[in-house]
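Colleague: In order, the protein sequence lines correspond to chains C and Z. Per the working numbering, residue 485 is the first one in the first sequence, and the count goes up by one each step. Per the working numbering, residue 27 is the first one in the second sequence, and the count goes up by one each step. All residues carry an ideal CB built from backbone N, CA and C; glycine is no exception.
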Amino acid sequence: MSNASEKNLSPVKRFLSQRGMGQVITVTIGLAVLCMLFGFINPNFFTYRNIANLLRQIAPTLLTGVGQSFVLFTGNIDLSIGSVVGMSCMISATLMCHGVNPWVAVLITLICCLVVGYINGILVSKCQLPPFIATLGTMTIARGIAQIVNGNYNTDSIGEAAKGFRTFFYSGKIAGIFSAFWIAIIVWAFFNYIMGRTRTGRHIYATGSNIDAARLSGVNVSRTIIYVYVVSAFCACITGLITCASTGTGTMDAGTSYEMYAVAASVIGGVSTLGGSGILLGTVIGAAIWGVLQNGLQFAGAPVAIRNIVIGIIVVVAVLLDVIVRTGKGKAKKHKAA
Amino acid sequence: MKKEIVRFENVTRQEDGATYLDNFSFYICEGEILGLVSVNDREKSELLKLLARNLPIDFGRIYFEGRLVNSYLNSDYTVNKVYTIDEKSSLIQDLSIADNIFVMRPGFRKYVINETVLMEQALRVFQELSFDINLNQRVSRLSTMERIIVEAAKAYLMGCRLLIFLSPEKIISQADYEKFHQFLLKLKKLNVASLYICYHHWIMFEICDRIALFSSGRIKRIFEKKDFHQTAFAPYVLSFEGYKAYRCQAAGDPIIQLDNLSSIAIQHLNLSAGPGECITLLDSDNQVTDELLDILTGLETDYEGSILCQGRDIRKQKGDCLDRSMIILDDNPTETFLFQEMSYLENLSFLLDRKLRKSILKPAFLHSVRNEYYREAGELVDERHIGGLTLREKYGLIYNKISLFHPKILIIKKPFAYGDMRCRNYILERLKALKESGISILLLTNYITDCLYLSDRIEVIKNGQNIVSLHPEEYGIISRIF
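1) Name the one or two DSSP bridge partners that A238(Z) has.
2) If we call anything under 8 Å between Cβ atoms a contact, is I424(Z) one with L364(Z)?
3) Looking at R683(C): is its Cβ nearer than 8 Å to the Cβ of V129(Z)?
4) Where does T38(Z) sit, in a helix, a strand or coil, going by DSSP?
5) Report, in whole angstroms, the separation of the C-beta atoms of L436(Z) and I465(Z), which I expect to be a contact under 8 Å.
6) Between which two residues does the alpha helix (DSSP H) carrying Y370(Z) extend?
7) Touch check for the segment 173-181 of chain Z and the segment 143-163 of chain Z: three-plus C-beta pairs under 8 Å?
8) Pick from T510(C), W666(C), G551(C) and F524(C): whose alpha carbon is nearest that of Y745(C)?
9) At least one CB of chain C closer than 8 Å to the CB of K136(Z): is that the case?
10) Can you give me the Cβ contacts of N779(C) inside the same chain, cut-off strictly under 6 Å, excluding the 5 residues immediately before and after it?
11) Short of 7 Å Cβ to Cβ, which residues in the segment 678-698 of chain C face chain Z?
12) Considering only C-alpha positions, which residue in the set G570(C), G549(C) and C611(C) is nearest to T593(C)?
13) What's the gap between the Cα of L76(Z) and the Cα of E141(Z)?
14) Quick one: give me the first and last residue of the beta strand (DSSP E) that A44(Z) is part of.
15) Mapping DSSP to helix, strand and coil, what is E303(Z)?
16) If A749(C) and G762(C) are in contact, beta carbons under 8 Å, what's the gap, nearest whole angstrom?
17) Any idea what DSSP makes of A271(Z), helix, strand or coil?
18) Does L521(C) have its Cβ less than 8 Å from a Cβ in chain Z?
19) Taking DSSP as the reference, what is the three-state secondary structure of N397(Z)?
20) With three or more C-beta pairs closer than 8 Å as the rule, is the segment 616-636 of chain C touching the segment 568-584 of chain C?
21) Check whether the segment 495-502 of chain Z touches the segment 479-487 of chain Z, counting contact only when three or more Cβ pairs, one atom from each stretch, lie closer than 8 Å.
22) CA-CA distance, D120(Z) and L556(C)?
23) Would the beta-carbon of R540(C) fall within 8 Å of that of F665(C)?
24) List the residues of chain Z that L700(C) touches, going by C-beta distances under 8 Å, in chain order.
25) Should the segment 225-237 of chain Z be regarded as contacting the segment 249-261 of chain Z, the criterion being three or more beta carbon pairs within less than 8 Å?
26) May I ask you to list, following chain order, the residues of the segment 748-771 of chain C that have a beta carbon less than 8 Å from some beta carbon of chain Z?
27) Which partner residues of A219(Z) appear in the DSSP bridge assignment?
28) Please confirm whether V314(Z) and I487(Z) have their CB atoms less than 8 Å apart.
29) Assign F134(Z) to one of three DSSP states: helix, strand, or coil.
30) Between the C-alpha atoms of S655(C) and K610(C), what's the straight-line distance to the nearest angstrom?
31) Looking at C-alpha atoms only, which residue of H411(Z), L430(Z), V32(Z) and I175(Z) is the closest neighbour of Q208(Z)?
32) What residues in its chain sit with their C-beta under 7 Å from that of A271(Z), if we drop five residues either side in the sequence?
33) In terms of residues, what are the limits of the alpha helix (DSSP H) holding R93(Z)?
34) Within a Cβ cutoff of 8 Å, which residues of the same chain sit near I678(C), ignoring the five residues on either side of it in sequence?
35) Counting only beta-carbon separations shorter than 8 Å, does L121(Z) have a partner in chain C?
36) Are the C-beta of V715(C) and some C-beta of chain Z separated by less than 8 Å?
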């Protein structure tokens, strides 16, 4: 295609020609099929009440998925997400239980979580630790902090004083949809803009795609890696606050296995675990598929064990497809390059 | 008078007691295409390092665009505006061309990216270079030639006035060479200097303004246009002409035979090689080599036609290359055929147990192998880690291993891609010896260089199929085919 014709692309075509859009379209079709299937099995699936709840259920997965996707784009992984969620939940709840203003508690929690993200980034980028090991360590540390912050007990109810906090993060509604979902969507939209339209986004893709070339091109690779881990911790912190608002107490095991849900949402949505490719729109669809499967299988009366097996299989198949598509593309590229 | 881009004045650089640049002097002017033939690979690498970065030198001065940037008195490790284009892409595969040339460069300050503006600017750059390309496509979809041009455009935009093309014959297919030379001329018009580094001086004859011969740490001689002929170079370079003498006389059933082979890029490919025969597959548009290697190694099974190894269809045979008495070497075998952490002897005898169909090799047997190769490799055979061996010594190990395994078929992708002049000489000698011992050799290359001296036949492949088969007396017409 010539330059002239490239410039004349319609906005729709331009949108569809974005990198990673093919995978997003595929999983969107998959999501539609799942919704129809569960709607067919149980017509209550499409009731307003269920859809509102489903969207609220999706919010934590979407938020942690966005954070994990950022890290995956650079070719790394963050296993500490779940523990940071627990830490965020416990720190904020403990502070509120001790009479600290909820918004001050939110600010303190945010700072604590961002420090964990920063440490992750430093360990991976500056100390050159393998991300799996570095974040495994901080995962344990963050869970320990979650346990120690209230003397190894879950907190009491955060009380009436935190009603505004609970409404803001969980139970409030705008346009009939719970605020937790809106928060997730706003966070997603902001980071989607960063990825798609800013220099930072390009640097993140570059770091994941070819770290040496990125370094040679003038990208501050260390700063980029620290940035993605901080974003991941920020998303985990917001998820922790939502969890705290939803239960009204701080629970030490909040966020357990969330790092895996986050990887699943990202991978199902087409974000490659090898780094450098995928888009955050895919993470939304991935999180939605995850939520729909949980919700739909529950509606269909499937036991928890079956739900876990089905979802596990879907994650493996998604990664397998990613590998197959990449290999296929590799071959096609070789052919084209010749 | 043209402005000088780089000037080295009596530069000496030593490292670990070895002298890599010894009173080295040379210059490149703007818009000049200077060829550089380096006899030694390590010396060339040191020169490239010094061109790119102002590293400490033991003597002399280096000027960049008329400014003193490095001297024996002061080396500040700063980076010079030089861009090297080689086999490995320095572009980000998953980003678009426009992103790569604008956003992925030092000095890009805008935080929010306006793609329309980016596209218009990129369009201007490529118009200046007279090159039409879809700027929105991702770099991973570019052909090798397009990738080189995009990298050059990026360098031009970064203000680099010296581009280094490192062994372009390794990556550019014979069919694309004309386009590549046209592009170099375009850069010349834009006053960008090119340093064309290649081990084969005759490739540079048609494009370079001057050719420098770099040997023993210094420029031995500068050849001007009028000296661009073999006889002028003959006293300075190793001559391989003598190898033309050896041709395979043996006849017999083919050891390897490709019958009507078709796959994604390969179209009805036919080929056969008998014992002791050396066939070169000239993949002129660089389409079939990797796919053919994938098929031969069993990575790709989706193909039509047949491949017969010693009369048996490999599709019907169980096992891998070793079971078929076939060894396949990649273009960089020192990296892909050897294990750096193993000892010389471990590398030499790795998989020998399978070859001999024994579960354990007795120490006495290994000792006899060691003694046998002691004569060839000397003390090296007792080396505990091969990481410290020189390039020539590593190639020695590779060919010793091949000779120990003595396969029926040896397939090599670009056999001379990574060897310097001395290495190439050595590789030729070893290949000649293997050929004489009755091994069928199949060389896969995209550019005919030293393969000429060894081949009994050259099969020219274009668009995935044989277009012509040349015998030694017809080799002179190769350049006219494209």
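Modeller: Per the coordinate set shown:
1) L62(Z) and I248(Z)
2) yes
3) yes
4) strand
5) 5 Å
6) Y370 to S375
7) yes
8) G551(C)
9) yes
10) L538
11) R681, T682, R683, R686, Y689, A690, S693, N694, A697 and A698
12) G570(C)
13) 37 Å
14) A44 to C55
15) coil
16) Actually they are not in contact, since the Cβ atoms of A749(C) and G762(C) sit about 11 Å apart, beyond 8 Å.
17) Residue confidence is low: A271(Z) scores 45 on pLDDT, short of 50, so the model does not pin down where it sits. Its coordinate-derived value is still stated next. Three-state result, A271(Z): helix.
18) no
19) helix
20) yes
21) yes
22) 14 Å
23) yes
24) S116
25) yes
26) G760 and S761
27) L188(Z)
28) yes
29) coil
30) 41 Å
31) I175(Z)
32) A caution first: A271(Z) carries a pLDDT of 45, below 50, which makes its placement in the model unreliable, though a value can still be read off. If we look at A271(Z) and ignore the five residues flanking it on each side, it has no Cβ neighbours.
33) Unbroken run through R93(Z) is the beta strand (DSSP E), R93 to S97; no alpha helix (DSSP H).
34) T684 and G685
35) yes
36) no
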